[in-house]
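Engineer: Quick note on numbering: the sequence shown equals residues 0 to 320 in numbering that gives the first Met the number 0. Below you'll find the structure I mean.
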Amino acid sequence: MVGRTLAGLRKGRDRNECRRSRLPTAAFLRCYDAASTDAFVESFSAASGPRVRRRRRRGPRRFVQWSTGMKLFDAGVSQLALWSDRDAAGEWVVRESRRARRLTVRVLLSGRVEVVVPPRVSARQVQRFVEQHREWIERKRLEVRRHARPPDPFPPQQIELPACGEVWRVHLAGGPGRPRARATAPGLLSLCGTSGGPREMRQALRAWLLERGRVVLGEALASCARELGFEYARVSVRRQRSRWGSCSVRGTISLNCCLLFQRPEVVRYLLIHELAHTRHMNHSRRFWQCVARYCPDYRALDRELLDGWRRVPSWVFGEHP
C-alpha cells in the first residue's frame, strides 16, 4: 500500500506524504469524535517501534484465533500490566497482524486502546513498548473523551449520501427471516425481517451501504479515469476502518464505502489522488503536481477529508444502539 508512517514525519518529511493512503496521524491532527464506536475513525497511532526480525518459530505459540481471522494474545494481556486499576480489561486489546512489521498502538474513538504486534513478539516486548508510550496513550484517551458525543439514534429514519445526492428514507417493513435492507421504491429503503436484533439490523444496513458504494464509487472512478486519461486494473470497495483509499502496485484501487457520506468534490479529489498513484507510487513532488493538474484545490479538499469521519453515522461501525 502507498503511505508513510509517523516515523517518516519525525524525520522531517512533508506531512502531506502521510495523507490519503492512511488516516491522519497524531503528529498534526486534533482528535474529533465521528461516533462513539470502535472504528478507526480518526484514531491516533503512536510512533512505531523498531522493525521486528522474523525468527523461526520454536515451541507452542501463545496466540488463539480471533473471529476476524486475526489473532489475540490468549495469555499475553493477562500477564501484561497494560492497564491501571481504574481501567477495565476490555479497554485494551493486543492483536497480532501478519502484515505488521513494527509494534504500533492506536487509541480508538471509544477510548479503547489497541496494540498491534507482528507475529512472534513476546509479551515482554509488548509491555516495554506500551510503557514507552503510556503518557501519549493517556493524553489521547483524554482527548477522545473530551470530544465524545452520544451515538446516533438507531435505526435511522433516513440515510443521506451526499456523494451521489441521494436521500433514503428507512422503513421498518418487518416480515419473516433475518433482517435485510433493499430498495423497494425510489428513495425508500425497506428494512425487512424481524428475527434478529439491532446487531443484525446494522449488518443489513452495512451490506446495503457496501453494495451501494460498489455501484456509485465504481462508476465514479471509471468515469473519472476516462475523463482524465488514467488506467487502472480493477476497483475494490470495502468498509474500511483505517483508509479512505489506496492503490496497489498492480493497479488495484481500493475505496471506502464511507466516501458516500462526503461531498462530491471531496470524493472526486480522492479518486484523482488514487488514480495519480497509478503513475507515481509515492507522494513525491511529481505525484502532487499530477494531482494539482487535475484538482487545483486539492489542499482544501484534503483538509476537509481529514474531518470526513465526523460525517459517518455511528451505525456504520458501532456495535451499540
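For glycine and all other residues, C-beta sits at the position ideal for the given N, C-alpha and C.
(1) Could you please give me the residues that DSSP links to leucine 190 through a beta bridge?
(2) Could you check which residue in Cys246, Gln239, Ser241, Arg240 has the C-alpha nearest to that of arginine 233?
(3) Per DSSP, valine 115 is paired with what?
(4) According to the Cβ coordinates, are cysteine 163 and valine 215 closer than 7 Å?
(5) Pick from His276, Thr277, Phe260: whose alpha carbon is nearest that of aspartate 306?
(6) In angstroms with no decimal places, state the Cα-to-Cα distance between leucine 188 and alanine 206.
(7) Which residue wins for smallest C-alpha separation from leucine 204, given the options Arg179, Gly174, Arg105, Tyr268?
(8) Fully enclosed by the stretch 182–249, which alpha helix (DSSP H) runs are 4 residues long or longer?
(9) Counting pairs of Cβ atoms below 8 Å between the stretch 128–142 and the stretch 298–305, do you hit three or more?
(10) If you draw a straight line from the C-alpha of alanine 87 to the C-alpha of glycine 195, how long is it?
(11) Would threonine 277 be called buried (16 or more neighbouring beta carbons within 10 Å of its own) or exposed?
(12) Would glycine 244 and glutamate 264 be called neighbours here (beta carbons separated by less than 7 Å)?
(13) Could you tell me the distance, in whole angstroms, from the CA atom of valine 104 to the CA atom of arginine 309?
(14) Give the straight-line distance between the Cα atoms of valine 112 and arginine 225, rounded to the nearest whole angstrom.
(15) Between serine 235 and arginine 267, what straight-line distance do the alpha-carbon atoms span, to the nearest angstrom?
(16) Using a threshold of 7 Å, state whether the C-beta atoms of arginine 238 and cysteine 256 are closer than that.
(17) If the criterion is Cβ atoms closer than 7 Å, does the pair valine 106 and valine 93 meet it?
(18) Rank Pro175, Gln157, Cys289, Leu220 by C-alpha distance to the C-alpha of tryptophan 167 and give the top, closest one.
Structural biologist: So, to answer that:
(1) Leu171, Ala180
(2) Cys246
(3) Arg94, Thr103
(4) yes
(5) Phe260
(6) 13 Å
(7) Arg179
(8) 197–227
(9) no
(10) For alanine 87, the predicted model reports a pLDDT of 47, less than 50, meaning its position is unreliable; a value from the coordinates is still stated below. Between alanine 87 and glycine 195, the C-alpha separation is close to 29 Å.
(11) buried
(12) no
(13) 22 Å
(14) 43 Å
(15) 16 Å
(16) yes
(17) no
(18) Gln157
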